[in-house]
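Notes for the one structure printed next.
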Amino acid sequence: MTPSGLELQGLRKSYGTHVVVDDVSLRVPAGEFVCFLGPSGCGKTTLLRMIAGLETPTSGRLLLDGMDLTAAPAHQRNFAMVFQALALFPFLTVEENIAYSLRLRNVARQERQRRVRELLELIKLADCGARRVDQLSGGQRQRVAIARALAQEPMLFLLDEPLSALDAKLRDHMQIELRLLQQKLNLTTILVTHDQREAMTLADSIVVMADGAVQQIGSPADIYRRPANRFVAGFIGQCNLLQAEVLDSHHLDVWGRVIEVESIPGGLVKGTAVTFSIRPEDIRILPAGTQAPDTVPGRVSFAREVGERVELRIDCNGREIIGAASPADWAALGSSSGSVAVQLRASAGTILTC
Amino acid sequence: MIARAVRWLFLALIATFLAAPLLVVTGVSFNGTARMSFPPAHPGLLWYGTFFADKGWMAAFTLSLGVATGAALVAISLAFPIAYVSWRYRSRAARWLETLARLSFVLPLVVLAIAFLIFWSALGHVGRIENTILSHAVVFVSLPLATIALGFRSVDPALVEAARTLGARDEDVLRTVLRPIVLPYVVSGTVFVFILSLNEYIIAYLVAGFEVETLPIKVFNNLRMGFQPTMCVGAVLFMAVGILAFSLVAASGDLPKLLGGRAR
Amino acid sequence: MLTAGRAQIALWLAWPSIALVGTVAIPFLLLLRISLAAPDPSGLWKSVLTLDAYGALLNREFAGALLYSLGVALLVATITVALGFPLTYLITRMKRRPQVVWLVFLLVSLSLSDVLNAFSWQLLLSKRGGLTGLLVLLGIMSRPESLTPSNGAVWASLVYGILPFTVMTLYPSLSQLAPEVVEAARTLGASPLRAFRTVVIPMTRQPILAAFVISTVVTLGAYVSPLVLGRPQSWTLAVLIGNAALAGHDVPRAAAMSVCLLGAVGLLGAATVWITRQRPAR
């Protein structure tokens, strides 16, 4: 049988009337790196724990390569998991931690030592095998937890916000290492995170979750460029969500301006209220007084240079727009008075129906 | 599935083991005759009436409550300062006192009882209620000491620092920040001493047992003369006091946390 | 600043120091002193210095009683830890409400007086106490007969009295044990039982030992249960000590036996400290 990866069918978890994970169906193809992304309390960790077998789904099925594992207990799944708190065994050395799963499987001593050595080299801790866990730094512990999980040659690699305890610089570094490791071993991997930057860095595909339900599944670029709804648009990066109304099959009314768009999503008739979503960097800032159908006049209420770009808050007759400009453009504009024209480039925006 | 059944069976057996004697005593106390039998014959409240009408039993009962209250208050007056100073000043003297207080709890009760017997006899101060109260207080002081220390450990140091930057002196911190946090621990420590003192026999007997006849002593003395259903009534009353006291602690606070477990 | 702190400390600790030194330290010194005194038939003791009380203990009976008491204490401690450890673990993994109910239940039986405990078991095991009737019904006994006095009754009553202590000693560390560590073992391929054995027990070695020692010491100090439920030949040292003081009016003898018991407890404590200092076994 060819490995087809993990498949979730209508997975649900509820405690009494409180629904934590609501009817999640998705596929994780073999060898892919998938991130579950969402705010805290969105059900992403519970979903991961159901996949690991640490929680029993209220209903739904879980299949790996076509095999139904819904009822299999955690220890029979051979899915490795790295916990947020790492959960290294404090009474064992680094080597013993890594060898734990091999011992359970009665792997012969020599083979065990060989595997442990290999893994220690893989995580670049070859000299630390005999150390106690509490003698390691945070990043080193992180890597030991990963090696311990990988020792059993898992079918699926699960990570629950494993990098959230590290400082920003180390986290960046570990993200890249983790991605390289995953590609090298061709591991089917699911990582849970609330950090969109982490998800963007690591994932082949992202599952955005809110209130226990999947909001959108897609590649990082997809999710960023073509958010499926207001939640996704607002959660991933900064976004302007403007009230708009459909005029005809090629025109929108945004704040009283008529904007021409390539096409309106199917089924929307004249007069339907929609949201026009546009990223700050897609907005063009023009000199005050520029006349064009898709521009609105505004005053810059706040500007800050953050290195590679200038972030702007623009007050457009009482409504706020977040914009951005390159430092060069901003200087050329010479807008010390604060008045500008804001161009809402229709081709760069997305029309959201909810 | 099997694991679940085994777990359930284990818990059920332990619960039965723990409940059986209590149930039998309670059952027997409702007997309608002077013979002891379980399940009770002619169930009724006959012996409860006898108990409450009997001056001797009632005196023992109220005396026990008095001793227990005294012991609990004295124990707190010892435990709180030690726990506070140990936490606030990291004082070595407080550590020493803590060790001394702990020591009295980890020694065999009989040995403590003999030591107290000798002590009070040497003082020539025999058969007084103070003997029982003070002996119980120092024997059980390690319990409130442990719970109150737990309470102080649960205080976030940032809270205290915040109060200080807002101008609070030591006594203000104690009154405004520490009191609300530590109070439940003080209460549960008090309840522990109260209940344990209420039930303690051998020390109470050896230090003043002939004059200060608490309920356990009276039950024991009667036990030697043979069965009397009123003894069961005394036992049931004590169990009721215990259940009531600990249920109150559980209802008014986070019991697992007060016992040193994980917070809610 | 420092002196101000000292003054504060002195003020706070004045009463506890007086009370604890006066009523714990001094009684123990007195205990040692009186164990070296002679009995006084008309009073409590004669203030002489003699080793007679200890000399009188140099016989087979006393050595036998000491060993027997230690044996019973170790047996009871083993049973209570063997039952109490899984019980505590299960309780800490329960939801909040059943957990609180179990804790209250255990606290109530913990506080049950030795006297009431022994009395309850006497009732339960008596001819008409219910249990015997049940055993007859099941065909295990041929006719109702009192099950006391017997060693089994003593052990049951001791285990009953000490199990809650064991649970309360183990509760904090088992409750604080991070569930993720067990879950990690599960995802690494350990069955629940295996995870319990390879993770939970190694992580709680010290509390287990502490619980074992506390259970042993509490058993060694138990006076009422062996006296009420046991036969004279199976009386523990605690009973002999109590009887020497009460019935025999030989306080120096009781004191000397107490000192011996303390010595045994001290050895036990030292052994535990020594074991805990060893590196965990592989």
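Chains as they are written, first to last, in this note's numbering: chain X, 1 to 354; chain L, 1001 to 1264; chain Z, 2001 to 2282. Beta carbons are placed, not taken as given, at the ideal position from N, Cα and C, and that holds for glycine.
- Could you give the DSSP three-state label for Val1212 (chain L): helix, strand or coil? By one-based count along the second sequence, residue 1212 (chain L) stands at place 212. It is coil, neither helix nor strand.
- Can you tell me where the alpha helix (DSSP H) with Gly2133 (chain Z) in it begins and where it stops? The residue labelled residue 2133 (chain Z) in the question sits at position 133 within the third sequence. From DSSP, the alpha helix (DSSP H) with Gly2133 (chain Z) extends over 2131-2137.
- Say whether chain L places a C-beta atom closer than 8 angstroms to the C-beta of Met2001 (chain Z). Mapped onto the third sequence, residue 2001 (chain Z) falls at position 1. Any reading at Met2001 (chain Z) is ruled out, since the residue's pLDDT is 44, under 50, leaving its predicted position unreliable.
- Quick one, which residues of the segment 70-96 of chain X are near chain Z if we go by CB-CB under 9 angstroms, in chain order? Pro73, Ala74, His75, Gln76, Arg77, Asn78, Phe79, Ala80, Met81, Val82, Phe83, Gln84, Ala85, Leu86, Ala87, Leu88, Phe89, Pro90, Phe91, Leu92, Glu96
- Message: Considering only the alpha carbon of each residue, which of Z:Ser2126, Z:Val2136, Z:Phe2165 lies closest to Leu1018 (chain L)?
- Response: Sequence index remark: in the second sequence, residue 1018 (chain L) carries index 18 (1-based). Among Z:Ser2126, Z:Val2136, Z:Phe2165, the Cα nearest to that of Leu1018 (chain L) belongs to Z:Phe2165.
- Query: How big is the Cα-Cα spacing for Gly1027 (chain L) and Gly1049 (chain L)?
  - Reply: For the purposes of this step, residue 1027 (chain L) is identified with residue 27 of the second sequence, where counting begins at 1. For the purposes of this step, residue 1049 (chain L) is identified with residue 49 of the second sequence, where counting begins at 1. Distance between the alpha carbons of Gly1027 (chain L) and Gly1049 (chain L) is about 16 angstroms.
- Message: Output needed for Ala1020 (chain L): all residues of its chain with C-beta closer than 6 angstroms, excluding positions within five of it in sequence on either side, in chain order.
- Response: On the second sequence, residue 1020 (chain L) is found 20 positions in, with the first residue counted as 1. None.
- Query: If you run the structure through DSSP and keep just helix, strand and coil, what is Ala295 (chain X)?
  - Reply: For the purposes of this step, residue 295 (chain X) is taken as the residue at position 295 of the first sequence. Here the sequence assigns Thr to residue 295 (chain X), which means Ala is not the residue at that position. Here Thr295 (chain X) sits in strand by DSSP.
- Task: Indicate whether at least one CB of chain Z lies closer than 8 angstroms to the CB of Gly992 (chain L).
- Result: What the structure shows of chain L is the stretch from 1001 to 1264, and residue 992 (chain L) is not part of that stretch, so it cannot be assessed.
- Message: Below 7 angstroms on C-beta distance, what does Ser1121 (chain L) contact in chain Z?
- Response: For the purposes of this step, residue 1121 (chain L) is taken as residue 121 along the second sequence, with counting starting at 1. In chain order: Leu2044.
- Measure the alpha-carbon distance for Val2239 (chain Z) versus Phe1220 (chain L) and round it to whole angstroms. On the third sequence, position 239 is the one that residue 2239 (chain Z) refers to. On the second sequence, position 220 is the one that residue 1220 (chain L) refers to. Spanning the two alpha carbons is a distance of roughly 14 angstroms.
- Item | Cβ shell of Ile2214 (chain Z) (< 7 angstroms), same chain only, five flanking positions each side left out | Looking up residue 2214 (chain Z) in the third sequence gives position 214. Within the same chain, Ile2214 (chain Z) has close Cβ partners Phe2165, Thr2169.
- the segment 35-50 of chain X / the segment 124-132 of chain X touching (three or more Cβ pairs under 8 angstroms): no
- Tell me, please, whether the segment 2148-2162 of chain Z touches the segment 2068-2081 of chain Z by the rule of three or more beta-carbon pairs shorter than 8 angstroms. yes
- Message: Under 8 angstroms, with one C-beta from each stretch per pair, do the segment 215-230 of chain X and the segment 244-262 of chain X reach the 3-pair mark?
- Response: no
- Item | First through last residue of the alpha helix (DSSP H) which encompasses Ser1086 (chain L) | Working through the second sequence from its first residue, we reach residue 1086 (chain L) at position 86. 1055-1089 is the span of the alpha helix (DSSP H), which, as asked, contains Ser1086 (chain L).
- Does any residue of chain Z bring its CB to less than 8 angstroms from the CB of Tyr100 (chain X)? Taking the first residue of the first sequence as position 1, residue 100 (chain X) is located at position 100. For Tyr100 (chain X), the answer is yes, since a Cβ of chain Z falls inside 8 angstroms of its Cβ.
- Item | chain Z contact residues for Arg61 (chain X), given Cβ-Cβ distances below 8 angstroms | Locating residue 61 (chain X) in the first sequence gives position 61, counting from the first residue. Under the 8 angstroms cutoff, chain Z gives no residues; its nearest Cβ is about 20 angstroms from Arg61 (chain X).
- Could you list which residues in chain Z have their beta carbon closer than 9 angstroms to that of Arg105 (chain X), in chain order? By 1-based counting over the first sequence, the position of residue 105 (chain X) is 105. Going along chain Z in sequence order, the residues near Arg105 (chain X) (Cβ under 9 angstroms) are Gly2189.
- Task: Could you tell me which uninterrupted alpha helix (DSSP H) segments, each at least 4 residues in length, are contained entirely in the segment 275-319 of chain X, listed from first to last along the chain?
- Result: none
- Query: Using the beta-carbon of each residue, which ones in chain Z are nearer than 9 angstroms to Tyr1084 (chain L)?
  - Reply: In the second sequence, the residue the question calls residue 1084 (chain L) occupies position 84. Those within 9 angstroms of Tyr1084 (chain L) in chain Z are Trp2012.
- Task: Kindly indicate if chain X contains any beta-carbon less than 8 angstroms away from that of Val2181 (chain Z).
- Result: Walking along the third sequence from the start, residue 2181 (chain Z) turns up at place 181. True, the Cβ-Cβ gap to chain X drops below 8 angstroms.
- Could you say if the segment 1173-1183 of chain L and the segment 2026-2041 of chain Z meet the contact criterion of at least three C-beta pairs nearer than 8 angstroms? no
- Three-state class that DSSP yields for Val269 (chain X) in the structure shown: Counting from 1 along the first sequence, the entry for residue 269 (chain X) is found at position 269. Residue state, collapsed to three classes: coil.
- So which residues on chain Z does Leu286 (chain X) lean against when the C-beta distance must stay under 8 angstroms? Along the first sequence, one-based indexing puts residue 286 (chain X) at 286. Here the premise fails: no neighbours, minimum Cβ distance about 54 angstroms.
- Query: Since Ser205 (chain X) is in the beta strand (DSSP E), which residue starts that stretch and which ends it?
  - Reply: For the purposes of this step, residue 205 (chain X) is taken as the residue at position 205 of the first sequence. Its beta strand (DSSP E) spans residues 205-210.
- Message: Let me check you understand the geometry: is the CB of Arg2194 (chain Z) closer than 7 angstroms to at least one non-hydrogen atom of the ligand NAD?
- Response: The ligand NAD is absent from the structure shown, which contains no ligands of any kind.
- Item | Bounding residues of the beta strand (DSSP E) (the contiguous stretch that carries Ser59 (chain X)) | For this step, residue 59 (chain X) is matched to residue 59 along the first sequence. It spans 59-64 - the beta strand (DSSP E) in which Ser59 (chain X) sits, taken as one unbroken run.
- Task: Count the other CB atoms, across all protein chains shown, that sit within 10 Å of the CB of Tyr15 (chain X); report buried if there are 16 or more and exposed otherwise.
- Result: Mapped onto the first sequence, residue 15 (chain X) falls at position 15. Exposed, by the Cβ-count rule.
- Going by Cα to Cα distance, which pick from L:Leu1013, L:Val1024, L:Ser1064, L:Thr1033 is closest to Val1212 (chain L)? Numbered from 1 along the second sequence, position 212 holds the residue referred to as residue 1212 (chain L). Ranking L:Leu1013, L:Val1024, L:Ser1064, L:Thr1033 by Cα distance to Val1212 (chain L) puts L:Ser1064 first.
- What residues from the segment 1171-1191 of chain L come within 7 angstroms of chain Z, judged by C-beta to C-beta, listed N to C? none
- Query: Which partner residues of His18 (chain X) appear in the DSSP bridge assignment?
  - Reply: Counted from its first residue, the first sequence places residue 18 (chain X) at position 18. In DSSP, His18 (chain X) forms a bridge with X:Tyr15.
- Could you check where the beta strand (DSSP E) with Gly1127 (chain L) kicks off and where it finishes? Position 127 of the second sequence, counting from 1, holds the residue named residue 1127 (chain L). No beta strand (DSSP E) contains Gly1127 (chain L), which DSSP labels as neither H nor E.
- Message: Taking 8 angstroms as the threshold (C-beta atoms), are Val34 (chain X) and Val201 (chain X) in contact?
- Response: Position 201 of the first sequence holds residue 201 (chain X). Position 34 of the first sequence holds residue 34 (chain X). For clarity, residue 201 (chain X) is Thr in the given sequence; the question names Val instead. Going by C-beta atoms, Thr201 (chain X) is not nearer than 8 angstroms to Val34 (chain X).
- Item | Sequence-distant residues of the same chain with beta carbon closer than 7 angstroms to Ala72 (chain X), five excluded per side | The residue you call residue 72 (chain X) lines up with position 72 of the first sequence. Answer for Ala72 (chain X): Gly53, listed in chain order.
- Task: Note the first and the last residue of the continuous beta strand (DSSP E) segment covering Gln343 (chain X).
- Result: Position 343 of the first sequence holds residue 343 (chain X). Per DSSP, Gln343 (chain X) belongs to the beta strand (DSSP E) from 339-344.
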